[in-house]
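Peer 1: Chains as they are written, first to last, in UniProt numbering: chain U, 1 to 303; chain G, 1 to 303.
1. Considering Cα atoms alone, identify which of U:74, U:292, U:129, U:183 is closest to residue 80 (chain U).
2. Throw me the rounded Cβ distance for the residue 374 (chain U) and residue 99 (chain U) pair, which I believe falls under 8 Å.
3. Is the segment 246-262 of chain U touching the segment 247-263 of chain G in the sense that three or more CB pairs, one from each, lie closer than 8 Å?
4. Using DSSP's beta-bridge definition, name the partner residues of residue 247 (chain U).
5. Please identify the residue among U:122, U:200, U:36, U:182 whose C-alpha is closest to the C-alpha of residue 262 (chain G).
6. In terms of residue numbering, what span does the alpha helix (DSSP H) encompassing residue 269 (chain G) cover?
7. If the cut is a Cβ gap below 9 Å, which residues of chain G does residue 256 (chain U) touch?
8. Report yes or no: is there a C-beta of chain U within less than 8 Å of the C-beta of residue 3 (chain G)?
9. Among G:245, G:235, G:259, whose alpha-carbon lies nearest the alpha-carbon of residue 280 (chain G)?
10. Let me know if residue 69 (chain G) comes out buried or exposed under the rule of 16 or more other beta-carbons within 10 Å of its beta-carbon.
11. Report the rounded CA-to-CA distance for residue 73 (chain U) versus residue 195 (chain G), giving the unit in angstroms.
12. Around the C-beta of residue 163 (chain U), are 16 or more other C-beta atoms found within 10 angstroms, so that it is buried, or is it exposed?
13. Could you tell me whether the Cβ atoms of residue 47 (chain U) and residue 102 (chain U) are closer together than 8 Å?
14. Taking Cβ positions, are residue 113 (chain U) and residue 142 (chain U) nearer each other than 8 Å?
15. Run through DSSP, which three-state label would residue 137 (chain G) get?
16. At least one CB of chain U closer than 8 Å to the CB of residue 222 (chain G): is that the case?
17. Using C-beta distances below 7 Å, list every residue in its chain close to residue 58 (chain U), excluding the 5 sequence neighbours before and after it, in chain order.
18. If I measure Cβ to Cβ from residue 191 (chain U) and keep anything under 7 Å in the same chain, skipping five residues before and after, which residues do I get?
19. So for residue 308 (chain U), helix, strand or coil by DSSP?
20. Between the segment 260-278 of chain G and chain U, which residues of the former have CB atoms less than 9 Å from a CB of the latter, in chain order?
21. Counting only Cβ pairs nearer than 7 Å, list the residues of chain U close to residue 219 (chain G).
22. How would you write the range of the beta strand (DSSP E) that residue 86 (chain G) sits in, first residue to last?
23. Hey, is the segment 158-175 of chain G in contact with the segment 199-212 of chain G, meaning 3+ C-beta pairs nearer than 8 Å?
24. Name, please, each residue of chain U whose Cβ falls closer than 8 Å to the Cβ of residue 101 (chain G).
25. Taking C-beta pairs closer than 9 Å, name the residues in chain U that residue 290 (chain G) reaches, listed in chain order.
26. Starting from residue 96 (chain U), follow the beta strand (DSSP E) in both directions and report where the run begins and ends.
27. Less than 8 Å between C-beta atoms, sequence neighbours within five positions excluded: which residues of the same chain meet that for residue 71 (chain U)?
28. How many Å lie between residue 302 (chain U) and residue 66 (chain G) at the Cα?
29. List the whole-angstrom C-beta distance separating residue 227 (chain G) from residue 5 (chain G), where the pair is believed to meet the contact cut-off of C-beta under 8 Å.
30. From which residue to which residue does the alpha helix (DSSP H) around residue 120 (chain U) run?
31. Per DSSP, which one or two residues make a beta bridge with residue 229 (chain G)?
32. With distance defined between alpha-carbon atoms, name the residue in U:16, U:124, U:278 nearest to residue 86 (chain U).
33. Quick one: grab the DSSP three-state call for residue 150 (chain G).
34. Is the beta carbon of residue 212 (chain U) closer than 8 Å to that of residue 1 (chain G)?
35. Which residues of chain G have a Cβ atom closer than 7 Å to the Cβ of residue 252 (chain U), listed in chain order?
36. With 16 other CB atoms within 10 Å as the buried threshold, where does residue 288 (chain G) fall?
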C-alpha cells in the first residue's frame, strides 16, 4: 500500500501567531497527543527572538523536555540563523529547519537581507548543523506566490531547492506560505521539482487560505509527492478572522489520503483528541474543512 | 484556453431542503443574478410532489416565467416521472433531468421501486422527453457510496450510465449524492466512465460534506471531465448543522479552475451578489470554503 509521511507543524507554525499565550505544559501535551494519534514527525518550536514571537519564548524549555522524552517522535525545530542553531543544539535538538524565502522583497521585509545573503545564511546554518550531527530541513518559502512580488519564477524555486539540497538539507519543503496556490500550479511546480530533487527529500507545506488546501495536496500527490506538512485543527493563520484558514489541516489530509487508499498511520480519533486540547488552550473552535463531518461521525460512535 | 462548463443547481438542489420558504420572485432573482455572473446553465426547479418537497411547489410558476425570459440561460428542471415531465413541458420547459439511483435500496427508500423498474422509468421519461423535442440530462445518483449499501460497484455505474446514454440522455451526470467520495475514487471512476461515455456528455455532481469537494473536482478534471454541477454559496445539505456543507460551491469551483488556467466565463463578484441575495432569502450566512478569502478581497476592492 502506498503511503504518505506527515509532519504536524501545529506546535510551531500553528501557534506562533496565536494571540492567546499557550504554556509549555500545554504545548508538550499537544505534542504527546499528536504522537498518540500516530504522527511520527512534528515541528515543535522555533528558536527566534522572543520579542519578535513571544509565543515561542519557551523554545529552549520545550526542546529540553522533548530531548528527554519525545514520545518516539522525530522532532524538528526552526532556526533563523547560527545563533538560533546554537540555542537549539544546546537545548538538545536533533533536527533543525531553516527558512529561505524565494523572493528579494520577502527576505528584505522579513529578515532585512537580500535573497543572495539569505541563501548564504541558510547554507551556513545547514553546514553548521551537519557539522553538529543534526538532521536538517530547508523550507523554500513563498514558492508559489509572494505577497509583494506576485508569482515567483519556477526556475528560481528549482535553483534555490537545488542549492539547499547541495548544502546538505535532508528534506526540501516547498511552501505555499500565503495559501495562494491552485492545483494547476501545484501540479506544474511539484512535477518540475520532482525532476530536480530526490523524491524522498521533497515535501510540500500548504496553507488553506482559499479553501484549496486538500485539492492542492491531491495535485501534489499525483505529481509524486509523499511528504507533507500540515497542522492539526488547521491551527494557524489569523485567529481573529473566522473561516480565514491557516495551515492545511492534518485531519483533512489524513481523511483525503486514507479514503484514497494511501496509508498515513494516523488515527482521526487521535487527531480529534489533539484538537480538543488545542481548543481548550486557545479558547476557540478549531478544525479543518472536514471537521463538521468528523465530529458527527465521532458523536455517532460515542452514542 | 481549456475551459469547463458549470451548471448551477442552487435553485433546485440547493433550495429543496431549506426550511425557510423562498418565494418565486426571489428564486427568479437568484437565477437572474446567476446569469449576470456569467453562468450559462442552471437547474431551476423540480416537478415533484408539493407535499414531498414544499419548497418546489411553485415549479410551474417559476418555469413559466423562465420560459418567457431566462436571461439567455439554458434551464433544466428535474422530473421524477412521466407526470412530472408532462407538467414541466406544459410550463414551457426546454430541458429536463431524470434521477436514477444506482442501488436497489436507495430506489426502494426514495421512490418505492427496485433498480430495474427505476431504470425503465428513467428510460421512458427520456424517450418521451425526446419525443417532445426536449433536451435531457440523466443523473446517476449515489454513484460512489450509498448510505444504505456502501461502496457502489463501478461496473454497475458504468452500465447504468450507458443505458441512460442509449436512452438518449444528452448529458450523464455522475453524482456523489452524499459527498462520500475522495479524489482516489473520483480519479478511478471518472477515468473509467470517460472510456464508456462521450466526454462532451459526461458531467460530475459533487457534494462537499467532508471538505473534499474541490479536491474531487480537481481529480475529475485530471480524468478529463469538463462539465460540473455546483451550487452558488454551497447552498444545500442540512441548514441546521453549521459547517455541514451541501453542494460543492460554485465560487470554490470557479476559483480553483480559473487559478489553474481553465476558463469558466464566470465572475466571482457576480457570484458574491447572488450569495448576498440567497443569504437575505435564507436568513443565514452562506458560502463555500473560499468565502472568507473572497469576501476579504471584495472588501479590499471596495475600500
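All C-beta atoms, glycine included, are put in the ideal place defined by N, C-alpha and C.
Since we're looking at a predicted model, the values are computed, not measured.
Peer 2: In brief:
1. Residue U:129 is the option with its Cα nearest to residue 80 (chain U).
2. The structure shown does not extend to residue 374 (chain U), since chain U spans only 1 to 303, so no value can be given for it.
3. By the Cβ rule, the segment 247-263 of chain G does not count as touching the segment 246-262 of chain U, because fewer than three pairs are nearer than 8 Å.
4. Paired residue(s): U:207.
5. Out of U:122, U:200, U:36, U:182, U:182 has the C-alpha closest to the C-alpha of residue 262 (chain G).
6. For residue 269 (chain G), the enclosing alpha helix (DSSP H) starts and ends at 268-282.
7. Residues of chain G passing the Cβ test: 182, 183, 184, 210, 211, 212, 215.
8. Interface residue (Cβ-Cβ distance to chain U less than 8 Å): residue 3 (chain G) is not classified as such.
9. When only C-alpha atoms are compared, the closest one is G:235.
10. With fewer than 16 Cβ atoms within 10 Å of its Cβ, residue 69 (chain G) is classed as exposed.
11. Approximately 46 Å, taken between the alpha carbons.
12. Around the beta carbon of residue 163 (chain U), 16 or more other beta carbons lie within 10 angstroms, which makes this residue buried.
13. No. Outside cutoff.
14. At least 8 Å separates the beta-carbon of residue 113 (chain U) from that of residue 142 (chain U).
15. DSSP places residue 137 (chain G) in strand when its eight states are reduced to three.
16. At least one chain U Cβ lies under 8 Å of residue 222 (chain G).
17. So the qualifying residues of the chain are 24.
18. Taken in chain order, the residues that qualify are 223.
19. Past the edges of chain U, shown from 1 to 303, lies residue 308 (chain U), and the structure says nothing about it.
20. Under the 9 Å Cβ criterion, the segment 260-278 of chain G contributes 260, 261, 262.
21. Those within 7 Å of residue 219 (chain G) in chain U are 218.
22. It is not in any beta strand (DSSP E) - residue 86 (chain G) instead sits in the alpha helix (DSSP H) that spans 82-90.
23. At 8 Å Cβ cutoff, the stretches touch.
24. Among the residues of chain U, none has a CB under 8 Å from the CB of residue 101 (chain G); the nearest is roughly 22 Å distant.
25. Result: 209, 210, 211, 212.
26. Residues 95-101.
27. Excluding sequence neighbours, residue 71 (chain U) sits near 31, 32, 35, 36.
28. Approximately 49 Å, taken between the alpha carbons.
29. Taking the Cβ atoms as the reference, residue 227 (chain G) lies roughly 5 Å from residue 5 (chain G), within the contact range of under 8 Å.
30. DSSP places residue 120 (chain U) in the uninterrupted alpha helix (DSSP H) bounded by 115-131.
31. Beta-bridge pairing links residue 229 (chain G) to G:7, G:205.
32. Among U:16, U:124, U:278, the Cα nearest to that of residue 86 (chain U) belongs to U:124.
33. Here DSSP, grouped into helix, strand and coil, assigns residue 150 (chain G) to strand.
34. Going by C-beta atoms, residue 1 (chain G) is not nearer than 8 Å to residue 212 (chain U).
35. Close partners of residue 252 (chain U) in chain G (Cβ separation under 7 Å): 211.
36. Buried, by the Cβ-count rule.
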